[in-house]
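Residue numbers (this note's numbering): 1 to 229.
All C-beta atoms, glycine included, are put in the ideal place defined by N, C-alpha and C.
Inspection log for the structure reproduced underneath, given as structure tokens.
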Ligand SMILES: CC(C)(COP(=O)(O)OP(=O)(O)OC[C@H]1O[C@@H](n2cnc3c(N)ncnc32)[C@H](O)[C@@H]1OP(=O)(O)O)[C@@H](O)C(=O)NCCC(=O)NCCS
């Protein structure tokens, strides 16, 4: 709990510098990104992500994960409603150390290497509590992943997080294209692709936690993204 508080405190401290660093005039006010860099201290473990900035949207704080977040994530993530259309790579039934293993052995090392970027999603109104997760990956065709707890779905929150994170992908990391696979029955996730102006590239069969489905591969280029902002 103390570590979470420290992380939030770092955010609040850094926020004072956000205005100076803001360089995203083309983004609507509601989706503006706070480019303040994290201080990179070692609280919560030595695998603190140092290259992923805190992001801020109208209603959300997106804070890079730390090892200590595993406890909260372990409590909220293993729900059928969350995992059923995630890739089969997610272990199910979810093991008791699933969140810790994911953060400590996969996500944080990837962030350290510079080929992954991730954020815990928190409401500004209750910043100590994690309500979801969003990540970017510099690997073929699964560039972005996300989930949010059922009680906060359908409020436009993931669209808000996605807009900030997608803008980071194109305009901070300078990536040229974003591609994401979606299971066809995952209507909410596909709708986010549509709302972001993505194009359906092709379909293929893929394995998800709840079985094999047709997956749609959605794509948007940097040029297309910036043309609509
Ligand atoms: C997919 C997910 C992240 C969406 O998060 P969210 O915060 O509810 O998304 P938003 O509210 O920003 O947008 C969802 C859109 O889908 C629509 N939608 C959601 N479920 C729907 C359904 N069953 N039928 C029709 N539309 C639906 C919403 O109405 C909204 O569109 P709108 O803004 O045009 O009304 C969330 O449902 C989730 O975490 N699912 C489990 C994990 C997951 O599947 N992740 C994605 C893997 S690719």
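**OP:** Using a threshold of 8 Å, state whether the C-beta atoms of residue 137 and residue 178 are closer than that.
**Re:** no
Subject >> Simplified DSSP state of residue 92, which is helix, strand or coil >> reply: coil
Original post:
Terminal residues of the continuous beta strand (DSSP E) containing residue 182?
Top reply: 177–183
Original post:
Taking the C-alpha atoms as reference points, what is the distance between residue 75 and residue 186?
Top reply: 23 Å
Subject >> residue 102: CB within 7 Å of a non-hydrogen atom of ligand 1 >> reply: no
Original post:
Looking at C-alpha atoms only, which residue of 139, 135, 131 and 123 is the closest neighbour of residue 165?
Top reply: 135
Subject >> Own chain, CB closer than 6 Å to residue 225, minus 5 neighbours either side, in chain order >> reply: 170
**OP:** Mark residue 223 as exposed unless 16 or more other C-beta atoms lie within 10 angstroms of its C-beta, in which case mark it buried.
**Re:** exposed
Original post:
Name the DSSP bridge partner or partners of residue 215?
Top reply: 183 and 204
**OP:** Taking all protein chains shown into account, decide if residue 181 is buried (16 or more other Cβ within 10 angstroms of its Cβ) or exposed.
**Re:** buried
Subject >> Proximity to residue 219 [Cα-Cα], best of 210, 209, 199 and 208 >> reply: 199
**OP:** Assign residue 55 to one of three DSSP states: helix, strand, or coil.
**Re:** strand
Subject >> Selection from 212, 176 and 107 that minimises the alpha carbon distance to residue 183 >> reply: 212
Original post:
Under three-state DSSP, which class holds residue 65?
Top reply: coil
**OP:** Out of 173, 192 and 157, state which residue places its alpha-carbon closest to the alpha-carbon of residue 130.
**Re:** 157
**OP:** May I ask you to check if the CB of residue 157 is nearer than 7 Å to at least one heavy atom of ligand 1?
**Re:** yes
Original post:
Looking only at its own chain, which residues have a Cβ that is under 8 Å from the Cβ of residue 195, when we skip the five neighbours before and after it?
Top reply: 159
**OP:** Pull up the DSSP beta-bridge partners for residue 148, would you.
**Re:** 132
Subject >> Straight-line Cα distance separating residue 216 from residue 203 >> reply: 4 Å
Original post:
From which residue to which residue does the alpha helix (DSSP H) around residue 120 run?
Top reply: Residue 120 -> not in any alpha helix (DSSP H); beta strand (DSSP E) instead, spanning 116–123.
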